[in-house]
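A.B. asks:
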Amino acid sequence: MNSIISPSMYILSILFLLSASLTTSSPIQQTSLIQCLSQHSIPLSIIYTPSNSSFTSVLESRAQFPRFTEPSVPKPELIFTPLSESHVQAAVICSKELGIHMRVRSGGHDFEGVSYVSIIESPFIVLDLTNLRSISVNINDNSAWVQVGATLGELYYRIAEKSNVHGFPAGICPTVGVGGHITGGGYGILLRKYGLAADNVIDAHIVDVNGRVLDRAAMGEDLFWAIRGGGGGSFGVILSWKIKLVAVPETVTVFSVTKTLDTKLLYRWQQVADKLDENLLTRVLMRVTNTSERIVTTTYDGYFLGGADRLVQVMQESFPELGLTRKDYSETSWIQSTLFAYIIPLNTSLEFLLLRNTPSTSFEGKADFVREPIPEFALEELRKRISEEDDPLIVWTAYGGMMNRIPEYQTPFPHRKGTMYKFHYFTNWPKGDKNVAKHMSWIRSLYNYMTPYVSKFPRGAYVNYRDLDLGINKKGNTSVIQASVWGVKYFKGNFQRLVKVKTEVDPENFFRHEQSIPPLVLKR
Numbered sequence: 328m329n330s331i332i333s334p335s336m337y338i339l340s341i342l343f344l345l346s347a348s349l350t351t352s353s354p355i356q357q358t359s360l361i362q363c364l365s366q367h368s369i370p371l372s373i374i375y376t377p378s379n380s381s382f383t384s385v386l387e388s389r390a391q392f393p394r395f396t397e398p399s400v401p402k403p404e405l406i407f408t409p410l411s412e413s414h415v416q417a418a419v420i421c422s423k424e425l426g427i428h429m430r431v432r433s434g435g436h437d438f439e440g441v442s443y444v445s446i447i448e449s450p451f452i453v454l455d456l457t458n459l460r461s462i463s464v465n466i467n468d469n470s471a472w473v474q475v476g477a478t479l480g481e482l483y484y485r486i487a488e489k490s491n492v493h494g495f496p497a498g499i500c501p502t503v504g505v506g507g508h509i510t511g512g513g514y515g516i517l518l519r520k521y522g523l524a525a526d527n528v529i530d531a532h533i534v535d536v537n538g539r540v541l542d543r544a545a546m547g548e549d550l551f552w553a554i555r556g557g558g559g560g561s562f563g564v565i566l567s568w569k570i571k572l573v574a575v576p577e578t579v580t581v582f583s584v585t586k587t588l589d590t591k592l593l594y595r596w597q598q599v600a601d602k603l604d605e606n607l608l609t610r611v612l613m614r615v616t617n618t619s620e621r622i623v624t625t626t627y628d629g630y631f632l633g634g635a636d637r638l639v640q641v642m643q644e645s646f647p648e649l650g651l652t653r654k655d656y657s658e659t660s661w662i663q664s665t666l667f668a669y670i671i672p673l674n675t676s677l678e679f680l681l682l683r684n685t686p687s688t689s690f691e692g693k694a695d696f697v698r699e700p701i702p703e704f705a706l707e708e709l710r711k712r713i714s715e716e717d718d719p720l721i722v723w724t725a726y727g728g729m730m731n732r733i734p735e736y737q738t739p740f741p742h743r744k745g746t747m748y749k750f751h752y753f754t755n756w757p758k759g760d761k762n763v764a765k766h767m768s769w770i771r772s773l774y775n776y777m778t779p780y781v782s783k784f785p786r787g788a789y790v791n792y793r794d795l796d797l798g799i800n801k802k803g804n805t806s807v808i809q810a811s812v813w814g815v816k817y818f819k820g821n822f823q824r825l826v827k828v829k830t831e832v833d834p835e836n837f838f839r840h841e842q843s844i845p846p847l848v849l850k851r
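This is how it looks when you write it as structure tokens:
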């Protein structure tokens, strides 16, 4: 008996799968959808519905926050996991043609889960780009093409395979997807030397609202500007980035020293951190390290592009108060320092960077930018507040250096000259925790308390640390005026240019989510 499935049987089999999970009241028209997908040769193996035994595992495989996969959270009607650029084109064309709301996910690290959860409209589908993960490194011209489903860890690993004197200035968490990371800016331990990841992109491929694949020349400079820091999910589906590799020395020096919170020392760090040698990035991790006695500690980390002897001189000249000596410094390579930044021992195998683990804990995070030192009395209040939460963390990341020299309008990310450091507030809790409301209340209270001490007019926010407390779009009634409430916090004066680009490339607002850029006049 012939085992080859005929095209008609293929379509019927997909229809059967979909009809088991989609009700007749759904605006997704099953027959029309299947016909459209089949015309574009979308294979059954990359379509998952709630009736598919693999649906939950696929949904959760890149869901980095367990709270967004709980039963009460809206689930997609379909998940597409394309294997090629043409599959992405088909997904966009069919979804637009049939009026299907689509979310796009690369790494699944969106702080509010908007890449795979929709709270403003349903039904929706998820375009999961995890299979688009090829990386091509060209050391001869100091560049690499990387597809958006690849992780930062995979990118770093592939660069290091080719060279020990090349790197890329991107984030610290190795499981973050390259796609979404760059769309919001993307920062890491090379921030003060080379700026953001988005500052080091030289080309891109994107599927636009009409299903066309465009490179930088075809999309034009306005759209190319918008996708490098204007946030994901507003302008199209990024397929890949061409990035500029940067020079790193063979020897990189790191340090990490933990002390019980000393407000005078922390105040001094605020005064010098953004003025240190730009080859040195320092950060402070404030947390509770003794859960029974609620002792608040500060860990001072440093990452220096150079040898330990030179770093000894830099620290003695600029920050002797930290009290470090030569034995506190460890010489390593840039690639190993990326592990150290993720609080992984230096002797860990580089294969760790290739792991795609999903966490078992959830967290809520918020961000601020600081332009003047926070006074000691406020640091004492921080000590009190952080000691009251179960598992809190505040990360202070120094700015200055290259970040002072890049104009705030060069990319949509505007928080540059004059920013001393960035705050990142966390509260963490295990899966199944019954006190989520308490944790959320704590971080919101802390955020409100910090208002007098952080940037103003507007109070800055970081779109890669998305915060729906700042405001959300409304279904079918996206307002530029309403969106500007959070838009200017993320982008300052660049928000209006982003609206202009959105109006030009997606006037009907097909690419949308809770905090997507709205068009100036919505066309239907």
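So for the sequence shown, the working numbering puts the first residue at 328; every next one is plus one.
In this text, a Cβ means the ideal position worked out from N, Cα and C, and glycines have one as well.
Over the uninterrupted alpha helix (DSSP H) stretch that includes V415, give me the two end residues.
C.D. replies: Unbroken alpha helix (DSSP H) run through V415: E412 to L425.
A.B. asks: Evaluate G560 with the Cβ neighbour count: other Cβ atoms within 10 Å of its Cβ, from every protein chain shown; 16 or more gives buried, anything less gives exposed.
C.D. replies: It counts as buried.
A.B. asks: Is there contact between the region 444-452 and the region 624-638, where contact requires at least three CB pairs shorter than 8 Å?
C.D. replies: Taking 8 Å as the limit for Cβ pairs, the verdict is that the region 624-638 does not touch the region 444-452.
A.B. asks: Counting pairs of Cβ atoms below 8 Å between the region 757-777 and the region 800-809, do you hit three or more?
C.D. replies: No: fewer than three Cβ pairs fall under 8 Å.
A.B. asks: Apart from the five residues on each side of it in sequence, which residues of its chain come closer than 7 Å, Cβ to Cβ, to S811?
C.D. replies: Cβ neighbours of S811 beyond the five flanking positions: F822.
A.B. asks: Per the contact definition of three or more C-beta pairs closer than 8 Å, is the region 627-647 in contact with the region 748-761?
C.D. replies: Too few Cβ pairs lie closer than 8 Å, so no.
A.B. asks: Can you find the residues in the same chain that come closer than 8 Å, C-beta to C-beta, to R786, ignoring five residues on each side of it along the sequence?
C.D. replies: For R786, where only same-chain residues beyond five positions count, the Cβ hits under 8 Å are D695, T778 and K816.
A.B. asks: Less than 8 Å between C-beta atoms, sequence neighbours within five positions excluded: which residues of the same chain meet that for K801?
C.D. replies: Cβ within range, chain order: I447 and Q809.
A.B. asks: Given N606, which residues of its chain have a CB within under 7 Å of its CB, disregarding the five upstream and five downstream residues?
C.D. replies: The residues are K520, F631, L632 and G633.
A.B. asks: Going straight from the alpha carbon of P852 to that of I570, what length do you get?
C.D. replies: Because the chain spans 328 through 851 in this model, residue 852 falls outside it and cannot be assessed.
A.B. asks: For K586, which option in L651, V492, R698 and A390 has the closest C-alpha, if you only look at C-alpha atoms?
C.D. replies: It is L651.
A.B. asks: Going by C-alpha distance, which of V400, I622 and Q597 is nearest G727?
C.D. replies: Considering only alpha carbons, the answer is Q597.
A.B. asks: Could you give the DSSP three-state label for R529: helix, strand or coil?
C.D. replies: According to the sequence displayed, residue 529 carries Ile and not Arg. In the structure shown, I529 sits in a strand (DSSP, three-state: E or B).
A.B. asks: Cutting at 6 Å between CB atoms, please list the residues of its own chain near H428, excluding the five before and the five after it.
C.D. replies: Taken in chain order, the residues that qualify are E448 and F451.
A.B. asks: What would DSSP say about A390, mapped onto helix, strand or coil?
C.D. replies: It is coil, neither helix nor strand.
A.B. asks: Where does the unbroken alpha helix (DSSP H) through I622 begin, and where does it stop?
C.D. replies: Looking at the DSSP string, I622 is not in any alpha helix (DSSP H); the run it does join, the beta strand (DSSP E), is I622 to F631.
A.B. asks: V641 by DSSP, collapsed to three states: which one?
C.D. replies: Helix, per DSSP.
A.B. asks: Smallest Cα separation from S368: which of V400, P398 and Q416?
C.D. replies: Nearest of V400, P398 and Q416 to S368, Cα basis: Q416.
A.B. asks: Quick one: give me the first and last residue of the alpha helix (DSSP H) that G511 is part of.
C.D. replies: G511 -> no alpha helix (DSSP H), and no H or E assigned at all.
A.B. asks: Thinking C-beta only, is A524 closer than 8 Å to T609?
C.D. replies: It is not a contact, given that the beta carbons lie outside the stated cut-off.
A.B. asks: Assign E691 to one of three DSSP states: helix, strand, or coil.
C.D. replies: Three-state result, E691: strand.
A.B. asks: Restricting to Cα atoms, I'd like to know which of E708, V848 and T478 is closest to L588.
C.D. replies: For the residues E708, V848 and T478, the minimum Cα distance to L588 belongs to E708.
A.B. asks: Could you round the C-beta distance between R460 and E481 to whole angstroms and report it? I think they count as a contact, below 8 Å.
C.D. replies: About 7 Å separates the two Cβ atoms, so the contact holds.
A.B. asks: Would you check if there are 3 or more beta carbon pairs closer than 8 Å linking the region 573-587 to the region 687-701?
C.D. replies: No, because fewer than three Cβ pairs between the region 573-587 and the region 687-701 fall closer than 8 Å, the two stretches do not touch.
A.B. asks: On the CB-based measure, 16 or more other CB atoms within 10 Å of its CB, does D535 come out buried or exposed?
C.D. replies: So D535 ends up on the buried side.
A.B. asks: Output the distance between the C-alpha atoms of S843 and K744, rounded to the nearest integer angstrom.
C.D. replies: In a straight line, the C-alpha of S843 is about 26 Å away from that of K744.
A.B. asks: Return the CA-CA distance between V615 and N775, expressed in angstroms with no decimal places.
C.D. replies: Distance between the alpha carbons of V615 and N775 is about 21 Å.
A.B. asks: Take E691 and list the residues in its own chain whose beta-carbon comes closer than 7 Å to its own, dropping the five residues that flank it on each side.
C.D. replies: Excluding positions up to five away in sequence, the list reads T754, H766, M767 and I770.
A.B. asks: Run through the DSSP bridge pairs and tell me what I570 is partnered with.
C.D. replies: Bridge partners of I570: A471 and V528.
A.B. asks: Give me the Cα-Cα distance between V848 and I799, rounded to the nearest whole angstrom.
C.D. replies: If I take the Cα positions, the gap works out to 18 Å.
A.B. asks: Could you tell me the distance, in whole angstroms, from the CA atom of A668 to the CA atom of K783?
C.D. replies: Roughly 30 Å separates the two Cα atoms.
A.B. asks: Can you tell me the Cα-Cα spacing of T675 and E424, whole angstroms?
C.D. replies: In a straight line, the C-alpha of T675 is about 49 Å away from that of E424.
A.B. asks: Once the 5 residues before and after N469 are set aside, which same chain residues still bring their CB inside 6 Å of it?
C.D. replies: Cβ within range, chain order: L572.
A.B. asks: Could you compute how far the alpha carbon of S619 sits from the alpha carbon of D655?
C.D. replies: If you take the alpha carbons of S619 and D655, they lie about 29 Å apart.
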